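These notes are about the structure you will find just below.
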Amino acid sequence: MPELPEVETIARNLRHGHPRETSPAEHSYRVREPRAEYVTAPPSAIPVVGKTITGAQVFWPRTLAEPDENSFYHQIIGQQIEEVGRRAKYLILHLSEQKLIIHLRMSGDIIITPLTEPLAPHDRLTLTLDDQYRLAFNDTRKFGRVWLMDDPTPLFAGLGPEPFSDEFTPEWLHAALQKKNRQLKPLLLDQTFLAGLGNIYTDESLHRAGLHPLTPSALVSETQAARLRDTIREVLSDGIRHNGSSIDWVYRGGGFQNYFRVYGRGDEPCLTCGTPITRMVVGQRGTHFCPQCQPLG
DNA sequence: CACGAGACCTGTTCGC
DNA sequence: TGCGAACAGGTCTCGT
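For the first sequence, my numbering gives the first residue as 300, with consecutive numbering after it.
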């Protein structure tokens with residue numbers, strides 16, 4: 300589920316609590332009704348910085364990638380949450396002694412509730428906080444993973460650059476695309492090439508850049524690469540500004556789904572030219588593009 | 001190196 | 001109504 304903007308939103312929520320999306324209805328299409336209980340604020344929007352972990356519980360063993368369960372309990376209890384960060388799609392809780400790394404994969408979410416609330420159906424790992432709140436890693440599909448480590452550097456070693464870093468320049472992107480001989484869509488999804496893009500934001504970036512998802516990377520011109528770099532940053536910024544995307548049953552307060560131009564809009568008219576959006580499968584992922592605005596070759 | 005298929009999982013939606 | 005297939009924001013591994 301979550302891509303860079305959603306993970307960034309959760310990190311900010313856990314750090315500060317964050318103002319909610321008060322989405323104006325103007326560009327709204329495909330609007331889904333948010334779950335009534337979350338209309339004011341999603342449960343991830345409660346700050347946890349400064350709180351101390353007084354208990355922990357693992358309900359689905361595979362969720363905990365490292366260390367083993369007993370060591371996890373022994374090590375994490377007593378540590379304070381000092382800061383919350385993000386690298387690629389990883390959420391990072393900086394604890395007083397170690398780092399707690401969380402990858403939400405397809406269906407993960409972080410939910411903060413008072414201890415008096417019952418556990419949610421898909422809570423896989425929970426932390427008890429000293430102010431009588433509970434931080435739950437909730438993950439319907441069980442793909443998510445959690446690591447408690449002294450130094451997470453090895454986990455991040457293979458990742459490509461952050462899209463908002465100084466390293467991600469038009470020149471870097473053009474050169475990097477030249478070095479590969481791959482289709483753009485799967486290449487942009489490859490976290491070792493560039494960190495943070497997922498299926499939604501890749502499709503949206505390529506549409507705004509006017510590039511076909513199957514374009515061979517080595518054929519992208521300098522001008523096109525520069526444009527693509529800008530649209531990637533633009534789409535991610537828009538996503539963050541709207542607190543990420545909320546689709547299907549996972550609602551965490553974001554509203555960027557109301558601004559999708561191609562994702563999930565197969566057969567609907569392109570908002571630029573009116574041509575029906577095409578949906579095809581590329582690398583086993585649903586891929587959406589406008590055949591008019593994003594010609595191949 | 002590039003690419004496709006299969007795994008890992010549960011839940012929703014759609015067609016018959 | 002029931003039931004199977006397709007599909008879902010991600011990533012890893014294996015075979016060609």
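Glycine included, each C-beta is placed from N, C-alpha and C at the ideal position. These numbers come from a predicted model, not from an experiment.
Tell me whether residue i, by its Cβ, gets closer than 7 Å to a heavy atom of the ligand NAP.
i       : result
His-473 : Although the ligand NAP was asked about, the structure shown includes no ligands whatsoever.
Helix, strand or coil for residue i? Go by DSSP, reduced to three states.
i       : result
His-587 : strand
Pro-366 : coil
Tyr-500 : helix
Pro-594 : coil
Asp-430 : coil
His-556 : Here residue 556 is Gln; the residue named in the question, His, does not match the sequence. Gln-556 falls in the helix class under three-state DSSP.
Pro-597 : Only positions 300 to 596 of the chain appear in the structure, and residue 597 is not among them; the question remains open.
Pro-453 : helix
Gly-377 : coil
Arg-440 : coil
Val-534 : helix
Thr-522 : helix
Ala-310 : helix
Glu-320 : Only weak support exists for where Glu-320 lies, its pLDDT of 48 falling under 50; the value from the coordinates is given anyway. Glu-320 falls in the coil class under three-state DSSP.
Thr-491 : coil
Asp-566 : coil
Pro-304 : helix
Val-465 : The identity of residue 465 in the sequence shown is Asp, whereas the question assumes Val. Three-state DSSP puts Asp-465 in coil, outside helix and strand.
Cutting at 7 Å between CB atoms, please list the residues of its own chain near residue i, excluding the five before and the five after it.
i       : result
Pro-413 : Gln-431 and Tyr-432
His-511 : Phe-588, Gln-593, Pro-594 and Leu-595
Arg-532 : Pro-462 and Phe-463
Leu-476 : Ser-516, Ala-517, Val-519 and Ala-524
Ala-419 : Ile-410, Ala-435 and Asn-437
Ala-324 : In this prediction, Ala-324 has a pLDDT of 36, which is less than 50 and means its spatial position is unreliable; what the coordinates show is noted afterwards. Excluding positions up to five away in sequence, the list is empty.
Ala-310 : Val-383, Gly-384, Arg-385 and Leu-390
Can you check DSSP and say which residues form a bridge with residue i?
i       : result
Lys-398 : His-393 and Met-448
Thr-425 : Gln-356 and Ala-435
Pro-515 : Gln-482
Glu-382 : His-393
Arg-578 : His-587
Thr-351 : Gln-379
Gly-407 : Asp-438
Tell me which same chain residues have a C-beta within less than 6 Å of the C-beta of residue i, skipping the five on either side of it?
i       : result
Phe-467 : Pro-460
Arg-252 : Coverage of the chain is limited to positions 300 through 596, which leaves residue 252 absent and any answer about it impossible.
Gly-495 : Leu-303, Ala-387 and Pro-462
Among residues of its own chain, excluding the 5 on either side of residue i, which ones have a beta-carbon nearer than 8 Å to its beta-carbon?
i       : result
Pro-568 : Thr-574, Pro-575 and Ile-576
message: Three Cβ pairs or more, each shorter than 8 Å: is that satisfied between the region 477-488 and the region 445-464?
response: no
task: Check whether the region 399-411 touches the region 457-473, taking contact to mean three or more Cβ pairs, one atom from each stretch, closer than 8 Å.
output: Here the region 399-411 makes no contact with the region 457-473; the two share fewer than three CB pairs at distances below 8 Å.
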